[in-house]
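I have placed the structure first, in the form of structure tokens, so that the comments after it can refer back to it.
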Amino acid sequence: PGERISVFPHFTSLAPVPGVPASPAPAPAEDVRFVADGHVAALARHLRLLGFDTLCDQGWDDERLAAVSAGDDRVLLTRDRGLLKRRVVERGMFVRDDDPDDQLLDVVRRMDLADRIRPFSRCTACNGVLVDVAKAEVEEALALGTRRNVDRFRRCPDCGRVYWRGAHHPRLAALVDRAVRADGRPGEDP
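Okay, structure coming up:
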């Protein structure tokens with residue numbers, strides 16, 4: 224607990240080269256992408272809530288998860304140590320906690336993602352990038368109270384799901400705030 228371990232792909236040489244860092248440079252924010260196994264599906268939805276490109280299909284087996292991770296250069300998130308030991312997996316993270324909120328904060332801290340968060344920009348159901356939509360375009364699908372009280376909407380162009388600031392928004396905003404304030408120290412809540 225509290226210790227950090229970094230694992231890098233096989234190097235052909237460990238001889239220092241002037242001007243070349245000893246470890247890989249961190250990926251730009253837009254390049255941090257994840258694939259999660261079905262056991263951490265709630266974590267995948269939480270990462271999407273923060274704006275991170277996160278694939279998760281509960282029907283995918285270990286072979287498919289490893290292939291997607293390697294082929295798409297995605298960080299594999301799992302609670303299955305055996306999956307992380309597959310030769311093809313170059314970037315993976317063992318998810319320690321059982322609670323999805325704690326899992327999220329741990330991933331944000333361990334990967335230093337707090338400054339890369341773009342909340343409420345992805346569909347939590349399918350991972351699509353949300354777009355603003357006029358109320359008139361979605362009004363027929365809304366309950367009467369929502370139609371009356373809400374004016375701003377976003378929609379996923381991939382699955383059609385519509386989003387707005389509903390009664391659950393304060394709880395989600397509090398989770399986003401905790402993640403934004405994550406300070407990189409494992410095991411401590413901001």
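Mind the numbering: the sequence shown is residues 224 to 413 in this note's numbering, read in order. For every residue, glycine included, the Cβ atom is placed at its ideal position computed from N, Cα and C. Computed from a predicted model, the values in this text were never measured in an experiment.
Cβ contact check for the region 345-363 and the region 312-329: 3 or more pairs under 8 Å
Verdict: no, contact absent.
Of the choices A390, Q281, T347, whose alpha-carbon is the least far from that of P380?
Relative to the Cα of P380, the nearest Cα in the group A390, Q281, T347 belongs to T347.
R339 versus L365: straight-line alpha-carbon distance, rounded
Looking at the backbone, the Cα of R339 and that of L365 are separated by about 32 Å.
Just curious, the alpha helix (DSSP H) that D400 is in, first and last residue?
392-403 is the extent of the alpha helix (DSSP H) around D400.
Would DSSP call G305 helix, strand or coil?
G305: helix per DSSP, three-state reduction.
Quick check on DSSP: helix, strand or coil for D276?
DSSP places D276 in strand when its eight states are reduced to three.
Locate the beta strand (DSSP E) running through L355, then write down its first and last residues.
Note on residue identity: the sequence assigns Asp, not Leu, to residue 355. Residues 354-356.
Going straight from the alpha carbon of R371 to that of G315, what length do you get?
About 46 Å.
Is it a yes or a no for the region 356-364 touching the region 282-300, going by three-plus beta-carbon pairs under 8 Å?
No, they do not touch.
In or out: P318 buried (at least 16 other Cβ within 10 Å) or exposed?
In the sequence as presented, Pro is not what sits at residue 318; that position holds Val. Classification of V318: buried, given that the 10 Å Cβ count is 16 or more.
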